[in-house]
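A.B. asks: So the sequence shown is numbered by the working numbering: it starts at 1 and just counts up by one.
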Amino acid sequence: MLKDRSIQFTEAERSLIQDTHFFQTKTVITRKVKQLLEQLHLSLREALADGSFLAPEGVDLQVGQFVKGEHLHDFPYQYLDFPKFFSQEEKFTFRSLFWWGHHFVFALILEGPHLEQYKQNLLNAYDRLADQKLYILMAPTLWEWEKRPELLLEIRKDNRRTVEAALATRPFLKIHRYIRFESPLFEKGGLAEEGVATFRLMKAIMAK
């Protein structure tokens, strides 16, 4: 006979498992985020028509990928990858990630044979990119999404030499731009437009 191992639930846990309002609201938010990502996808398609890119052969410039999950460090998430290309050796994508409890982040992910040109493009466009709240990920893996100071190097006009030294040793290039949930963009709208503006800002890095 299975014995009760005295698993107990705290008062806060008991209150939460009775809360139907939270999950109803979560469903509404999830739907809104999907609509936001769909709007962003359409706007990015228009932005892609404005220029040419140093991109892998076969890069997806039409469809993109919408993903929804529950366990990014135990928090739900939704994202759009567009444009998108992933292989073991080469990556070229712009990810727009909504991460519950953390932030919204736009990220340019680049790896592969064109990496040195991407780095040089960044330096060539440095004055335009500096002081725009763009951060180079310094983590050993591409798949870090937390905003932790020790993992990020901000692109600023007063630290160009530091950025140059950091770029020289990076095996990939990943640049983040974070939008806090306290931002007026969540209350008044404009997140899709902010995503397109971020992509346009980063286009210089991907230029041929």
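Built from N, CA and C at the ideal position, the CB exists for glycine as well.
1) State the Cα-Cα distance for the pair residue 207 and residue 53, rounded to the nearest angstrom.
2) Pick helix, strand or coil for residue 61, following the three-state DSSP scheme.
3) At what residues does the alpha helix (DSSP H) containing residue 127 begin and finish?
4) With DSSP run on the structure shown, which of helix, strand or coil describes residue 108?
5) For the beta strand (DSSP E) holding residue 154, just list the boundary residues, first then last.
6) Mind checking whether residue 108 and residue 78 have CB atoms under 8 Å apart?
7) According to DSSP, is residue 81 helix, strand or coil?
8) List the whole-angstrom C-beta distance separating residue 154 from residue 135, where the pair is believed to meet the contact cut-off of C-beta under 8 Å.
9) Just checking my contact of residue 168 with residue 138 at CB under 8 Å: how many whole Å lie between their CB atoms?
10) For the alpha helix (DSSP H) containing residue 45, name the first residue and the last one.
11) Which residues bound the alpha helix (DSSP H) around residue 177?
12) Along the chain, where does the beta strand (DSSP E) containing residue 98 start, and where does it finish?
13) In whole angstroms, what is the alpha-carbon distance linking residue 46 and residue 20?
14) For residue 76, which of helix, strand or coil comes out of DSSP?
15) Can you tell me which residues form a DSSP beta bridge with residue 86?
16) Pick out whichever of 84, 183, 59 and 61 has its Cα sitting closest to the Cα of residue 67.
C.D. replies: On the basis of the coordinates in this document:
1) If you number the sequence shown from 1, residue 207 lands on position 207. If you number the sequence shown from 1, residue 53 lands on position 53. Their Cα atoms are separated by approximately 5 Å.
2) Counting from one through the sequence shown, the residue named residue 61 turns up at place 61. The answer is coil: DSSP assigns residue 61 none of H, G, I, E or B.
3) Residue 127 sits at position 127 when you count from the first residue of the sequence shown. Here the alpha helix (DSSP H) through residue 127 covers 126–129.
4) What you label residue 108 is simply residue 108 of the sequence shown in a count that begins at 1. Strand.
5) Residue 154 sits at position 154 when you count from the first residue of the sequence shown. Taken as a continuous stretch (DSSP letters only), the beta strand (DSSP E) holding residue 154 covers 152–154.
6) As a first step, residue 108 must be located in the sequence shown, where it is residue number 108. As a first step, residue 78 must be located in the sequence shown, where it is residue number 78. Going by C-beta atoms, residue 108 is not nearer than 8 Å to residue 78.
7) On the sequence shown, position 81 is the one that residue 81 refers to. Residue state, collapsed to three classes: strand.
8) Residue 154 sits at position 154 when you count from the first residue of the sequence shown. Residue 135 sits at position 135 when you count from the first residue of the sequence shown. Yes, residue 154 and residue 135 are in contact; Cβ-Cβ is about 5 Å, under 8 Å.
9) Here residue 168 refers to the residue found at position 168 of the sequence shown. Here residue 138 refers to the residue found at position 138 of the sequence shown. Actually they are not in contact, since the Cβ atoms of residue 168 and residue 138 sit about 13 Å apart, beyond 8 Å.
10) If you number the sequence shown from 1, residue 45 lands on position 45. Per DSSP, residue 45 belongs to the alpha helix (DSSP H) from 20–48.
11) Looking up residue 177 in the sequence shown gives position 177. That residue, residue 177, is in no alpha helix (DSSP H); its beta strand (DSSP E) goes 173–179.
12) Locating residue 98 in the sequence shown gives position 98, counting from the first residue. First-last of the beta strand (DSSP E) with residue 98: 91–99.
13) By one-based count along the sequence shown, residue 46 stands at place 46. By one-based count along the sequence shown, residue 20 stands at place 20. Computed Cα separation, rounded: 40 Å.
14) To locate residue 76, count along the sequence shown from 1; it is residue 76. Residue 76: strand per DSSP, three-state reduction.
15) Taking the sequence shown and counting its residues from 1, the one referred to as residue 86 is at position 86. 91, per the DSSP bridge assignment.
16) In the sequence shown, counting from the first residue as 1, residue 67 sits at position 67. The option with the nearest alpha carbon to residue 67 is 84.
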